[in-house]
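S.K.:
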Amino acid sequence: MSEASETSVRAEVRAWLEANWDPDLGLVAWRNRLIDSGWGVPSWPKAWFGRELPMALEMAVEEEMQRVGAVGVAKTGIRRLAAATLLVHGSDAQKERFLRRSLTGEDTWCQLFSEPGSGSDLAGAMTRAEFKGNRWVINGQKVWTTSAHHADWGLLLARTDWDKPKHQGLSYFVLDIHQPGVTVQPLRQMNGHASFNQVFFTDAEVPPENLVGEVGRGWAVATTTLMHERRGADGISRWGRASDGKGRVYDEERAETATVMEPYKWYPQRAGRVDLVVQRARETGRFEDPVVRQEIAKLLCLSKSAEWTARRARAAQMQGRPQGPEGSLGKLISSHVARAAARVHTLISGADAMLSGADGAMGGVIAEIFVSVPAGSIAGGTDEIQRNIISERVLGMPKEPRTDNDRPFRDVPKNLVV
Amino acid sequence: MQFSFTAEQEEFRSVLRRFLEEKSPPSVVRRMMETEGGWDRGVWRGLNETLGLSAVHIPEAYGGQGFGPVELGIVLEEMGRALLCAPYFASTVLAATAIMNGATEAQKRDLLPDIASGETVATLACTEPNGRWDAAGVGMTATPVGSGFRLDGVKSFVLDGHTADLIVVLARRPGSAGLEGLSLFTVPGDASGLTRRALTVLDPTRKLARLEFGGVAATLLGEEGAAAGPFARTMVLAAIGLANEMVGGADKLRQSALDYANLRVQFGRAIASFQSMKHKQADMLVDVELAKSAAYAAASAAADGDAEVAALASLAKAAASEAYLQTAIHTIQIHGGIGFTWDNDTHLWFKRAKSSEVFLGDAAYHREQMMRAWNE
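The listed protein sequences derive, respectively, from chains S and A.
Counting from 39, one number per residue, gives the positions in the first sequence under my numbering.
Counting from -3, one number per residue, gives the positions in the second sequence under my numbering.
1. Would Thr198(S) and Val250(S) qualify as a contact pair, given that the criterion is a beta-carbon distance under 7 Å?
2. Taking Cβ-Cβ distances shorter than 8 Å, what residues in chain S pair up with Met366(A)?
3. Am I right that Ile111(A) and Ala92(A) are in contact with their C-beta atoms under 8 Å? What's the rounded C-beta distance?
4. Please classify Gln365(A): does DSSP put it in a helix, a strand, or coil?
5. How big is the Cα-Cα spacing for Ala413(S) and Leu204(A)?
6. What separation, rounded to the nearest whole angstrom, lies between the Cα atoms of Val243(A) and Ser209(S)?
7. Within 10 angstroms of its Cβ, does Lys284(S) collect 16 or more other Cβ (buried), or is it exposed?
8. Three-state secondary structure (DSSP) at Phe355(A)?
9. Is the shortest distance between the beta-carbon of Ala353(S) and the beta-carbons of chain A less than 7 Å?
10. For Val79(S) and Leu125(S), I'd like the C-alpha separation in whole angstroms.
11. In terms of DSSP beta bridges, what is Arg265(A) paired with?
12. How far does the alpha helix (DSSP H) with Cys339(S) in it extend, from its first residue to its last?
13. Less than 7 Å between the beta carbons of Ser410(S) and Trp304(S), yes or no?
14. Please confirm if Gly273(S) has its CB atom under 7 Å from at least one CB of chain A.
15. Give me the residue from Leu311(A), Glu285(A), Glu219(A) with the minimum Cα distance to Leu338(S).
16. Identify the contact partners of Glu285(A) in chain S, using a Cβ-Cβ distance below 7 Å as the criterion.
17. Short check: CB of Glu73(A) to CB of Asn240(A), under 7 Å?
18. Report the residues of the segment 425 to 445 of chain S with a CB closer than 9 Å to any CB of chain A, ordered along the chain.
19. On a CA-only basis, which of Asn426(S), Arg166(S), Ala98(S), Val106(S) is nearest Ala57(S)? Give me that one, please.
20. Using the C-alpha atoms, what's the distance from Ala351(S) back to Leu367(S)?
21. Of all the CB atoms in chain A, is at least one closer than 7 Å to the CB of Arg276(S)?
22. Can you tell me the Cβ-Cβ gap for Lys350(A) and Leu195(A), rounded? I've got them flagged as a contact below 8 Å.
23. Comparing alpha-carbon positions, which option in Phe153(A), Gly171(A), His53(A) lies nearest Pro109(A)?
24. Determine whether the Cβ of Arg363(A) lies closer than 7 Å to any Cβ atom of chain S.
25. How would you list, in chain order, the residues of chain A whose beta-carbon sits under 9 Å from the beta-carbon of Ile423(S)?
26. Under 7 Å between beta-carbons, which chain S residues line up against Val282(A)? List them in chain order, please.
27. Taking Val375(S) as the reference, give the member of Glu406(S), Ala396(S), Arg349(S), Ser415(S) with the closest Cα.
28. Strictly under 7 Å for the Cβ-Cβ distance: is Arg331(S) near chain A by that measure?
29. Could you name the residues that DSSP lists as bridge partners for Tyr288(S)?
30. Looking at C-alpha atoms only, which residue of Val25(A), Asp279(A), Ser172(A) is the closest neighbour of Thr327(A)?
31. Name the chain S residues whose beta carbon is nearer than 8 Å to that of Phe(-1)(A)?
32. When you compare the CB of Ser10(A) with every CB in chain S, is at least one pair closer than 7 Å?
33. At the level of alpha carbons, what is the spacing between Arg52(S) and Ala3(A)?
34. Please check the pair Gly395(S) and Ile404(S), which I expect to be a contact at CB under 8 Å, by giving their CB distance rounded to whole angstroms.
35. What is the rounded straight-line gap between the Cα of Asp106(A) and the Cα of Gly69(A)?
36. By the criterion of Cβ-Cβ separation under 9 Å, what are the contact partners of Leu311(A) in chain S?
Written out as structure tokens, the structure reads:
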């Protein structure tokens, strides 16, 4: 087959949309139609709802869909990570069962990786999975689980072997959240929101067919999930936003987005709200202050350079070239931007920075920046872990000597207090 | 805006890198920097005969290669990496650009081909002892005399001003102020009434001179009283060029620090295996890549004729000023004691980072320029 050109792909999508796009369909019915056509996830394999198009052409397909306002497959939240992980590591039966329903949005997901005793060191997970009778039985606790309170399924990393070194004793499961052995409790954060949950397992059960990959190979599967999570943190991926179009499909998409995005509503503040800085400086009369101007300029320098660095990485990716170092820096850079933005907002706000809620600047939005920014440099891999990754994988520097990899996990020192 | 280089541009870069590694190793840099002139005409000729570098962004109609700001940026990044000692920035970046922006068609045809070939080494004299980089800071007067002009005053911080064959001078009509009454002139380097003195510089790889004009006969370049615009555009491209040169030097330093950390053993292991070193190196990579992104974006904006180019040029220069010096500071620190010695090459780039930090305006100046360009 000759290579698909951008022009021919665009023409093909356009023709298909002309014949098939119908805003009066139900959301699931429309997405099923889109999935069957291969235009929903065009970079995926042909055997699994895709067309095996390169990433660059996937962007072209998305643009064509946006032109007519066509709704895409469900991409927001953890389901994006679930689908990407199962596509690589899942059995055919798992792909059959979960991929389509994740793309239609019928199934929602959460990620059960972090534990009170293992944050950066995820491979130190102590949640226990034991095979008893014909079932895996799960006991333990997970934390920082976004959306667990309205998820159907969990991506679970659990320990199946305590006598192997830590990375080799882990397995990866798909766990049904709706069962008596699973308790979900909201976790209140320092900014007052409760976007995350603690999830407790007491003899929760997983059928053997929901093991993803092999027993003891769960770390490799989890790495795929994490890679996709970090890819979403480069600052240019769009937040889930529903169109304001008219028609049943739009109404249903808006309802879905409102539910899925609810836990993320403070995330713009977490990123520092660089977009508000100039406006705030003008409104407060601080814009002519040379010190304030210098600090704003430093922030704009940083945030524009960050955006261009992400674009360089994406340009390399679209050309199918190996990414340069710029591809691994996004997460760390976005922490710098957020902290710098919080500093500038403080400078602009002055005494008002002591107030929040209705008394605070912009009805509390500015205060929410101050108490949300600390999350950015922790969630999804701390700045320190990002620096380790950059120095080891990009710069090729040696790993620090470690003492936890060459002995049975049960002999590795663990947290006494969590 | 272009966020990646084309295959041809990448190829051009790698040819250039190999060429400059051979022509400008630290031993040659050290030899050149000890001379008063700072560069060698034979080496300069070789550079231009082989790769036509001094012609890169000059239009073909004037004997140039007709490339744009992106290719000029590539040349400068590689020159910055190699710390090349040559009058390139003075002649091609400053003087040729000023002539391209400000001269009449006949003057361009007359002056540019010799600059493009490297036969004439030119420079731009704009800054005065007050150290201001904007046209409003110019005090030198140009008094009409017969069909020509007479220049009186002092220029300082003039790049390669004591060795240039041709000097493009920014001066003003007597009694004018601000951006009014400004004109560009040309003066031969050996003009009568011109006293040139090499300044003692912190960065010996970049020579600066003080030029005293005592009634020097000068030829008007372009239109009388209309130089503010052409000069501002020249400084925008120069800031972009310098930012690209600086990120080349910063990247070179970063790599040298990494190489050293991998070699140096303390406490029984390579210091590169200590997390404190790894995190510093990761931060250095972030600093340099951010500054590169800004420098590349600004060059691309200049190539596109983007309306925001002045703001982006200042952004890139401000970013490069901080990133280059910070990288130089980290590089010395990672080298430890050896990094503070004359024999170690780090100080050559450190000094270039320091002079480049303020040359054409420091970070604070450019941040303010950026804010004005964007918000007023």
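Don't be surprised by glycine CBs; every beta carbon is placed ideally from N, CA and C.
M.R.: Inspection of the coordinates gives the following:
1. no
2. Ala335, Leu338, Cys339
3. 5 Å
4. helix
5. 49 Å
6. 45 Å
7. exposed
8. coil
9. So, interface residue.
10. 12 Å
11. Gln262(A)
12. 328 to 356
13. A contact, by the Cβ cut-off of 7 Å.
14. Confidence in Gly273(S) is poor, its pLDDT being 40 and thus under 50, which makes the residue's placement unreliable; the coordinate value appears in the next sentence. No, Gly273(S) lies away from the interface with chain A (no Cβ there is under 7 Å from its Cβ).
15. That would be Leu311(A), whose Cα lies nearest to the Cα of Leu338(S).
16. Per Cβ cutoff of 7 Å: Thr347, Pro363, Glu364, Leu367.
17. yes
18. Arg425, Asn426, Ile427, Ile428, Ser429, Glu430, Val432, Leu433, Gly434, Met435, Pro436, Lys437, Glu438, Pro439
19. Val106(S)
20. C-alpha separation (whole angstroms): 9 Å.
21. Note that Arg276(S) scores a pLDDT of 46, beneath 50, so its modelled location is shaky; the value from the coordinates is reported in the next line. No, because no Cβ of chain A sits closer than 7 Å to the Cβ of Arg276(S).
22. About 15 Å separates the beta carbons of Lys350(A) and Leu195(A), which is beyond the 8 Å limit, so they are not a contact pair.
23. Nearest option by C-alpha distance: His53(A).
24. yes
25. Residues of chain A passing the Cβ test: none, with the nearest at roughly 11 Å.
26. Leu367, Leu370, Ile371
27. Nearest neighbour of Val375(S) by Cα position, chosen from Glu406(S), Ala396(S), Arg349(S), Ser415(S), turns out to be Ser415(S).
28. yes
29. Paired residues: none, contrary to the question.
30. Asp279(A)
31. Trp346, Arg349, Arg350, Arg352, Ala353
32. no
33. 32 Å
34. About 11 Å separates the two Cβ atoms, so there is no contact after all.
35. 26 Å
36. Ala335, Leu338, Cys339, Lys342, Ser343
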